[in-house]
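Written out below as structure tokens is the structure these notes cover.
Below, the structure written as structure tokens:
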């Protein structure tokens, strides 16, 4: 059965090269390549010609040499899968494939480097003339903010389909990581402004890099506006920030000058967004306090303040504790997309993630309304 047309009905027609650029699962890539080259048959290697091997090898070679291409380790794994499943171990006759196998030797003999980076690219609207959204990631790094995660991809896909939720709004993102969701909010959803926050220096540097390299993409999406006017980034460590908030909404922790700009954005913002920030019970209390600060801060905006979060359910008790702490602060939670619905969203970011997308839930947060007398 076709993975693109059957098993994965969520993925619209897409070229194999775009799937490789997005570091998609190898099965999806090979199925797309088969559909582009009907001479390849799943039940036989006999129809695999040297010409088709050359096409695949050349495609991978071009991306291998691209400084803004996918991980070389990913490309090598994809190459071996192609040879094993499609070509056959003893039928590698293409010069392009042989060149890739030689390149593999240098990678196989090297240890993974934490500073090893690559870029994943996505054509949001599947148009050939469309400038791709490019995101730099560090697959081997122990800083989780330097990688893309399930909930961030799913929340971004949700915003692509429901961009009206953010149109004209001032958006603040907590734990923005690579800034992919913030970029989607700015480029696809026409938010009036998006401020992305995180706290490690590595993540802040990477955020700035990703915003900078996507200026052409933002200009294509919003030709009448300068990218600098619609998206920014800054420091916010909610453990430090949330624990410093008193009952009068004075964040004493903001004595740290690095916190002041993001605190101002929290006050002025209309919508707070976050993905994969509910993972550790130890940080839930200051996180909830930060959300409460955002929802209760007075602003001149005509929009009602709201928060939209996506969480990958790794530990049900952690998520339950988060919900309980929200309730204790007078914050209500409403499911926008269930786990099943998240699993059925159209794939825009078809990366290979650790957990299935059906482990993600998307929900909104609001201050509980006091009953009228």
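Numbering (the numbering used here), first residue to last: 263 to 635.
Ideal placement from N, C-alpha and C gives every residue a C-beta, glycine not left out.
Source: prediction; values computed, not measured.
Inset, instruction - Please state whether DSSP places residue 494 in a helix, a strand or coil. - result: By one-based count along the chain shown, residue 494 stands at place 232. Looking at residue 494 - three-state DSSP - the assignment turns out to be strand.
Legend entry - Cut-off 6 Å between Cβ atoms - residues of its own chain near residue 531, not counting five sequence neighbours on either side: As a position in the chain shown, residue 531 is number 269, starting the count at 1. Closer than 6 Å at the Cβ level, and outside the excluded window around residue 531, lie 432 and 434.
Legend entry - Range of the contiguous beta strand (DSSP E) that encloses residue 535: Position 273 of the chain shown, counted from the first residue, corresponds to residue 535. From DSSP, the beta strand (DSSP E) with residue 535 extends over 533-537.
Inset, instruction - Check whether the stretch 484-498 touches the stretch 557-564, taking contact to mean three or more Cβ pairs, one atom from each stretch, closer than 8 Å. - result: no
Inset, instruction - To the nearest angstrom, report how far apart residue 348 and residue 620 are at their CA atoms. - result: Translated into positions along the chain shown, residue 348 becomes position 86. Translated into positions along the chain shown, residue 620 becomes position 358. So the alpha carbons of these two residues sit roughly 30 Å apart.
Inset, instruction - Answer yes or no: do residue 458 and residue 495 have a C-beta to C-beta separation smaller than 8 Å? - result: Residue 458 sits at position 196 when you count from the first residue of the chain shown. Residue 495 sits at position 233 when you count from the first residue of the chain shown. Yes; because the gap between Cβ atoms is below 8 Å, this pair is in contact.
Legend entry - Distance between residue 375 and residue 592 (C-alpha atoms, nearest Å): As a working mapping, residue 592 is identified with position 330 in the chain shown. As a working mapping, residue 375 is identified with position 113 in the chain shown. Their Cα atoms are separated by approximately 45 Å.
Inset, instruction - Give the secondary structure of residue 460 by DSSP, where H, G and I count as helix, E and B as strand, and everything else as coil. - result: Your numbering for residue 460 matches position 198 in the chain shown. The answer is strand: DSSP assigns residue 460 an E or B state.
Inset, instruction - Note down the Cα distance separating residue 625 from residue 599, rounded to an integer number of angstroms. - result: By 1-based counting over the chain shown, the position of residue 625 is 363. By 1-based counting over the chain shown, the position of residue 599 is 337. One C-alpha to the other measures close to 7 Å.
Legend entry - Given 8 Å, three or more beta-carbon pairs between the stretch 563-581 and the stretch 472-481: no
Inset, instruction - Just mark residue 210 as buried or exposed, buried being the case when its beta carbon has 16 or more other beta carbons within 10 Å. - result: The question about residue 210 has no answer, for the chain in this structure spans 263 to 635.
Inset, instruction - Taking 8 Å as the cut-off, decide whether the C-beta atoms of residue 613 and residue 282 are in contact. - result: If you number the chain shown from 1, residue 613 lands on position 351. If you number the chain shown from 1, residue 282 lands on position 20. It is not a contact, given that the beta carbons lie outside the stated cut-off.
Inset, instruction - Can you grab the Cα-Cα spacing for the pair residue 323 / residue 394, in whole Å? - result: Position 61 of the chain shown, counted from the first residue, corresponds to residue 323. Position 132 of the chain shown, counted from the first residue, corresponds to residue 394. Approximately 19 Å between the Cα atoms of the pair.
Legend entry - CB contact below 8 Å: residue 403 versus chain C: Absent from the structure: chain C. Only one protein chain is present.
Legend entry - Where residue 356 falls: helix, strand or coil (DSSP): To locate residue 356, count along the chain shown from 1; it is residue 94. In the structure shown, residue 356 sits in coil (DSSP, three-state: anything other than H, G, I, E or B).
Legend entry - Extent of the continuous alpha helix (DSSP H) run through residue 384: The sequence position of residue 384 within the chain shown is 122, counting from 1. Taken as a continuous stretch (DSSP letters only), residue 384 belongs to no alpha helix (DSSP H), being part of the beta strand (DSSP E) at 380-384.
Inset, instruction - Work out the CA separation of residue 536 and residue 671 for me, nearest whole Å. - result: For the chain, the structure presents residues 263 to 635; residue 671 sits outside this window and is missing.
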